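J.:
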Ligand code: DC
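Residue numbers (this note's numbering): 251 to 472.
1. Check for me: the alpha helix (DSSP H) holding residue 492 runs from which residue to which?
2. Can you give me the C-alpha to C-alpha distance between residue 416 and residue 338, rounded to a whole angstrom?
3. With a CB to CB cut of under 8 Å and the five nearest residues on each side skipped, what residues in its chain are close to residue 295?
4. Hey, would you say residue 365 sits closer than 8 Å to residue 286, going by beta carbons?
5. Verify the contact flag: residue 366, CB atom, against every heavy atom of the ligand DC, threshold strictly below 7 Å.
6. Restricting to Cα atoms, I'd like to know which of 312, 372, 462 and 454 is closest to residue 447.
7. For the alpha helix (DSSP H) that residue 279 lies in, which residues bound it at each end?
8. Counting only runs of 3+ residues fully inside the segment 382 to 446, write out the beta strand (DSSP E) ranges in chain order.
9. Could you tell me the alpha carbon to alpha carbon distance between residue 355 and residue 326, rounded to whole angstroms?
10. Could I get the ranges of all uninterrupted alpha helix (DSSP H) runs contained in the segment 288 to 370, with 4 residues as the minimum, in chain order?
11. Rounding to the nearest angstrom, what Cα-Cα distance links residue 319 and residue 441 in this structure?
12. In the DSSP assignment, what are the bridge partners of residue 260?
13. With a Cβ-Cβ cutoff of 8 Å, do residue 378 and residue 264 count as a contact?
14. What three-state label does DSSP hand residue 464 in the structure shown?
15. Alpha carbon to alpha carbon, how far is residue 324 from residue 301?
16. Going by C-alpha distance, which of 303, 400, 382 and 316 is nearest residue 352?
17. Spatial neighbours of residue 274 within its chain, please: C-beta separation below 7 Å, excluding the five flanking residues on both sides.
18. Determine the direct distance from the alpha carbon of residue 289 to that of residue 322, and round the result to whole angstroms.
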């Protein structure tokens, strides 16, 4: 088995249940877990900290190349340090969620983060979650899943997570506007050849985890 093949790659839009599912699969397999979205968010935190303009493509690219991102890959101990400062909670703030598309739509930022993600998962056993894992970061992964869910259900899930924090319009912005922005450089709505589509609309988290663990076993991962 090549070192890169002990990888379970999971892509999908926001609210598809990716993070909870990916952590659950990692726990079950005893694998590490890499939340690549947290790295995009970490760059946004650094840009907000330094007052970088949302449209300053060059500065955002430069920030991505220079910022230090120290990310934990332990499924039950998710932490991110941005230039040595704990940003674990900050990266989930609505201001960061609203800013992060400026990073994810920046081609140079993507290239840098893809390199860093590959370096983290090289020669390891990981469940990796994001938008371009099955297609760009690790197309050779042993298991490649596109996790989808009905948009109404995705909004409802995000709404439940962010109850009282966001109103309806802000929620719509976070889920649907961001997906649209995010899909300008990455296609995460159609499965690439060889990628298994798992629709979580009518499934519980446990059922989705079970399905993906089944795919991992079928692929010879233990
Ligand atoms: O999954 P998330 O909401 O934490 O992702 C944060 C942002 O980063 C979101 O705008 C999508 C983007 N992203 C990406 O473009 N590619 C990835 N591999 C992971 C996230």
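Glycine included, each C-beta is placed from N, C-alpha and C at the ideal position. As the structure is a computational prediction, the values presented were derived from the model and not from experiment.
T.: From the atom records:
1. Nothing about residue 492 can be read from this structure; the chain reaches only from 251 to 472.
2. Put simply, the backbone Cα of residue 416 is about 20 Å away from that of residue 338.
3. So the list reads 332, 337, 340, 341 and 346, once near-sequence residues are dropped.
4. No, Cβ-Cβ distance for residue 365 and residue 286 is not below 8 Å.
5. Residue side-chain check: residue 366 keeps its Cβ at 7 Å or more from all non-hydrogen atoms of the ligand DC.
6. Checked all of 312, 372, 462 and 454; the closest Cα to residue 447 is 462.
7. Residue range 268 to 279 is occupied by the alpha helix (DSSP H) that includes residue 279.
8. Under the rule that a run must span 3 or more residues, the beta strand (DSSP E) segments found entirely inside the segment 382 to 446 read 393 to 398.
9. The straight-line gap separating the alpha-carbon atoms of residue 355 and residue 326 is approximately 29 Å.
10. At a cut-off of 4 residues, the continuous stretches assigned as alpha helix (DSSP H) that sit fully inside the segment 288 to 370 are 307 to 316, 344 to 349 and 351 to 354.
11. Here the C-alpha atom of residue 319 lies approximately 29 Å from the C-alpha atom of residue 441.
12. Paired residue(s): 379 and 395.
13. Cβ atoms of residue 378 and residue 264: not closer than 8 Å.
14. Here residue 464 sits in helix by DSSP.
15. About 31 Å.
16. Comparing Cα positions, the closest option is 303.
17. If the five residues before and after residue 274 are omitted, its C-beta is found closer than 7 Å to the C-beta atoms of 455 and 459, all from its own chain and listed in chain order.
18. Our two residues, residue 322 and residue 289, have alpha carbons roughly 11 Å apart in a direct line.
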